[in-house]
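Participant:
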Amino acid sequence: MAESSTHLHKRLRALADNLWWTWHPEVIGIFTDLDPHLWREVEHNPVAFMNRITPAQVEERAAELVLHSRINYAFRRLNEYVEQPKTWGALHCGNLNNRPVVYFSAEFGLHESLPIYSGGLGILAGDHLKSASDLGIPLIGIGLLYQQGYFSQRLDKDGWQEEDYINLDTATLPLQPVLDSSGQPLIVRVDTRSTPLLARVWQIQVGRIRLMLLDSNIEGNSLEDRELTSRLYGGDTKLRIRQEVLLGIGGARILQGLNIFPGVLHLNEGHSSFAILEEVRRIMEYDGIPFKRAHRRVSLYTVFTTHTPVAAGHDRFAPDLVEDHLGLFRERMGLSHEEFMALGRVNPLDSSETFCMTVLALKSCRRANGVSAIHGTVSRLMWNCLWPSKGEAEVPIGHITNGVHVLSWLAPQMYQLFQTRLGQDWATRMVHPDIWEKVTEIDDGELWETHQSLKMRLIRFVRRRLRIQAERLGMRDMLKQIEHILDPDVLTIGCARRFATYKRGDLILSQLERLTRMLNDTRRPIQIIFAGKAHPRDNEGKELLQRIAKLSYSKQYRTSIVFVENYDYNVARHLVQGVDVWLNTPRRPLEACGTSGQKVVLNGGLNLSVLDGWWNEAYDGHNGFAIGHGGMHNDLAVQNARDAEYLYETLEKEVIPLYYQRDISGIPSLWVKRMKHAMQSLGWRFIADRMVKDYAERFYLPAAMATSAETGMLG
Ligand SMILES: *Cc1c(COP(=O)(O)O)cnc(C)c1O
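Residue numbers for the sequence shown follow my numbering, beginning at 5 and rising by one.
This is the structure:
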């Protein structure tokens, strides 16, 4: 008994220690069944869960619930997954085996229990790792371990956003210390003109992929630097450049400490661009070649993905900041201050220009891309200045449209339905359009019922969250009405995004009377669920959020407009799985891609969006709804007014009538037809497996080839 109980406990630990569980609901089901109360208390964190449950308790609960075979089966599946030799990557990416892709990102969104992400960029990086794992592509992730993550959002009585910073307890995270060749914890060091920067390194296993995270909270650092990695996107530009020095240069030094030579450097956004220069320095010293040759060589295997369609969104650092933090590094490479600054300047001779991380990356990579077709175009226009002799269309920035990791975002109920209707192997073949053709064979009633049960689950989740919020704020009226908030038979619109002004989260409120008529229509009403954070220093964003929050508190709107606090992975998962319609109203062309709408499609929701980002290439007239025709206007007020008008018209004339047009069994069959058409036309395209394959085929393999040819290291 004692032996078998530690055995089960150990297997559960092994499951908890690999984030593979995050996309395998059957494992989550085991933890939930073992102790639903504890699972909720630890906020879906299996490491914390296992710390709190003894082997004897596991054995007892497992025996009561006959969980042995489920635990053993999950454990076996994990091992088979990790050891599976016949992956797509094994077949196609053999030349990356000894020299992997190294993927740098300032944030990684893998699960709510690991809050080292703020939004879309991080979620994308997390999805990239998971798909690289599923495909078996040799890849290593590098990022920062933020002690306090981004922030938790709490609204006050006036609907104003408050931020809480909570210290992570590393004992409750699936972290392993990374050791050097002598078995000691690996420490990386970067010298600056002020204090040296030190960091230790943690490793997280994401399926087959290793993610290494730098942590500056160690002895040897100044007190200030110990807090360097405490918050994501907090602090001033000095903190920011030190974080980026640590991420880029420190990150590349992890590889050196472990004798890993990158076949490809993939920089997810410019925060990590200094990694390029550290590679250059290493090669200069190792091969004894001058800067220019080493820089050229590194550019052959560097891939850069830009995400920011506004010039002001790119990190820029003043010359003295650069000199303070990279002066010693630059001297080691034998560059003058002006030569170094030139690497980050559009015009190398303009000494008034600051150092731009995106410019450094674009000047140092052979392969660069935006994250949707329209964003590719915007980026070529924005960076034409770097290639003044080329026409806009010849600027060497292409695009690979983002996609989402299907198994992370698909509701388990929908997964089951796909298993039975699309074939047991659909999940390993989902980049093939023919798999999704079979969606037509799903019975309308079955699909609708599955969707309705997910909507009910969402509504229960929202009510639970609102109850907690109302209790905290002492909103008695709200508490009395909780069970009347949201109605599963009403057309439910979800709108969750970062509250940045360009995203126009309040566009739907711009004609409030007209909206109110739709909310209160007795025959064909609608209801809206909002969520999202504003950046702590973005007061405009906070005011926008406040306006929505205030409506949601008011007697008149509280049952039909709700605001769910603390938008994170968990809130997003519930929303994208349960809404009827996903609303997206960015100011064109400022949405680089957007991925939340892609998560919605998989679960049977329909997009209602401005033709921007991914939707601009996805919408075919029948797989969702478009707001407007893709027009733009220089006068923002005019563009806003027009888009609002289009939004209301589309709702009134298309969305609402279609939703409430029912057949005799109460099913909106034309709506269901659109749900199916959305899955069919988009399910294989806007997913991370397709995206990562595109990166592999178009970028990683050619880049790795070029380096092996260059350095004579073929094979
Ligand atoms: C998917 C996701 C995002 C990105 O969505 P957008 O479409 O870019 O707004 C942001 N935050 C969370 C929590 C997500 O899950």
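Think of the CB as a built atom: it goes at the ideal place given N, C-alpha and C, for glycine as much as any other residue.
1) When the Cα of G509 is compared with those of D481, T520, L549, P529, which residue comes out closest?
2) Here's the rule: buried if 16 or more other CB atoms are within 10 angstroms of the residue's CB, otherwise exposed. What is E45?
3) I'd like to confirm something about T599: is its beta-carbon nearer than 7 Å to some heavy atom of ligand 1, or not?
4) Please name the residue, chosen from S109, H275, Q207, that lies closest to N22 on a Cα-to-Cα basis.
5) Check whether the segment 58-69 touches the segment 149-169, taking contact to mean three or more Cβ pairs, one atom from each stretch, closer than 8 Å.
6) How many Å lie between V408 and H311 at the Cα?
7) Taking 7 Å as the cut-off, is the C-beta of A397 nearer than that to any heavy atom in ligand 1?
8) Is it the case that the Cβ atoms of V210 and L100 are separated by a distance below 8 Å?
9) Using a Cβ-based criterion (distance less than 7 Å to any ligand heavy atom), does R44 qualify as near ligand 1?
10) Under 8 Å, do V435 and R212 count as touching if we go by C-beta distance?
11) Alpha helix (DSSP H) containing H578: first to last residue?
12) Could you give the C-beta distance for L133 and F112, rounded to a whole number, given that I count them as a contact under 8 Å?
13) Taking DSSP's pairing of strands, which residues face T589 in a bridge?
14) Given 8 Å as the limit, is there contact between the segment 190-197 and the segment 258-267, that is, 3 or more CB pairs closer than that?
15) Less than 8 Å between the beta carbons of V696 and S135, yes or no?
16) Given 8 Å as the limit, is there contact between the segment 473-484 and the segment 517-527, that is, 3 or more CB pairs closer than that?
17) Looking only at C-alpha atoms, which of Y573, L411, N102 sits nearest to W688?
18) Are the beta-carbon atoms belonging to I446 and L421 less than 8 Å from one another?
19) I748 and A298: beta carbons closer than 8 Å?
20) Considering only the beta carbon of each residue, do G628 and Y650 sit closer than 8 Å?
21) Using only alpha-carbon positions, find the residue among L139, F333, L477 that is nearest to P200.
22) Applying the 10 Å Cβ sphere with the 16-neighbour rule, what's the burial state of G625?
23) Do V105 and H270 have their C-beta atoms within less than 8 Å of each other?
24) In chain order, what residues of the same chain lie with their CB nearer than 6 Å to the CB of L662, ignoring the 5 residues before and after it?
25) Measuring only the C-alpha atoms, how far is L490 from D667?
26) Rounded to the nearest angstrom, what separates Y237 and V314 at their Cα positions?
27) Classify H41 as buried or exposed, calling it buried when 16 or more other Cβ atoms lie within 10 Å of its own Cβ.
28) Have a look at M522, W24, L12 and flag the residue whose alpha-carbon is nearest the alpha-carbon of D131.
29) Could you compute how far the alpha carbon of R15 sits from the alpha carbon of T176?
30) Give me the Cα-Cα distance between L579 and Q180, rounded to the nearest whole angstrom.
31) Taking just the CA atoms, how far does R349 sit from V659?
32) For E273, which residues from the same chain have a beta carbon less than 8 Å from its beta carbon, with the 5 sequence-adjacent residues on both sides left out?
33) Can you list the alpha helix (DSSP H) stretches of 4 or more residues lying completely in the segment 261-314, in chain order?
34) Using DSSP with H/G/I as helix, E/B as strand and the rest coil, what is C360?
35) Determine the DSSP secondary structure at G238, reduced to helix, strand or coil.
36) DSSP on C389, reduced to helix/strand/coil?
Facilitator: In short, the structure shows the following:
1) Considering only alpha carbons, the answer is L549.
2) E45 should be labelled exposed.
3) Taking 7 Å as the cut-off, the C-beta of T599 counts as close to a heavy atom of ligand 1.
4) Residue Q207 holds the alpha-carbon nearest to the alpha-carbon of N22 among S109, H275, Q207.
5) Note that the segment 58-69 does not touch the segment 149-169; fewer than 3 beta-carbon pairs, one per stretch, sit closer than 8 Å.
6) C-alpha separation (whole angstroms): 16 Å.
7) No.
8) Not in contact: V210 and L100 (Cβ atoms no closer than 8 Å).
9) No; taking the cut-off as 7 Å, the Cβ of R44 has no heavy atom of ligand 1 nearer than that.
10) No; because the gap between Cβ atoms is not below 8 Å, this pair is not in contact.
11) From DSSP, the alpha helix (DSSP H) with H578 extends over 573-582.
12) Confirmed, about 7 Å.
13) Its beta-bridge partners do not exist; DSSP assigns none.
14) Segments in contact, yes.
15) A Cβ-Cβ contact shorter than 8 Å links V696 with S135.
16) Flag = no, the segment 473-484 and the segment 517-527 do not touch.
17) For the residues Y573, L411, N102, the minimum Cα distance to W688 belongs to L411.
18) A contact, by the Cβ cut-off of 8 Å.
19) No answer is possible for residue 748: it lies beyond the span of the chain, which begins at 5 and ends at 719.
20) Cβ atoms of G628 and Y650: not closer than 8 Å.
21) Answer by Cα proximity: F333.
22) Label assigned to G625: exposed.
23) Yes; because the gap between Cβ atoms is below 8 Å, this pair is in contact.
24) So the qualifying residues of the chain are L674, W675.
25) Distance between the alpha carbons of L490 and D667 is about 24 Å.
26) Going by C-alpha positions, Y237 is about 17 Å away from V314.
27) Flag for H41 reads exposed.
28) The alpha carbon of D131 has as its nearest neighbour, out of M522, W24, L12, the alpha carbon of W24.
29) Annotation: R15 to T176 spans about 17 Å, alpha carbon to alpha carbon.
30) Spanning the two alpha carbons is a distance of roughly 33 Å.
31) If you draw a straight line from the Cα of V659 to the Cα of R349, it comes to about 48 Å.
32) Closer than 8 Å at Cβ, skipping near neighbours: S109, A110, L125, T309, T310, H311, T312.
33) For the segment 261-314, whole alpha helix (DSSP H) runs of length 4 or above, ordered along the chain, are 278-291, 295-304.
34) The answer is strand: DSSP assigns C360 an E or B state.
35) It is coil, neither helix nor strand.
36) Looking at C389 - three-state DSSP - the assignment turns out to be helix.
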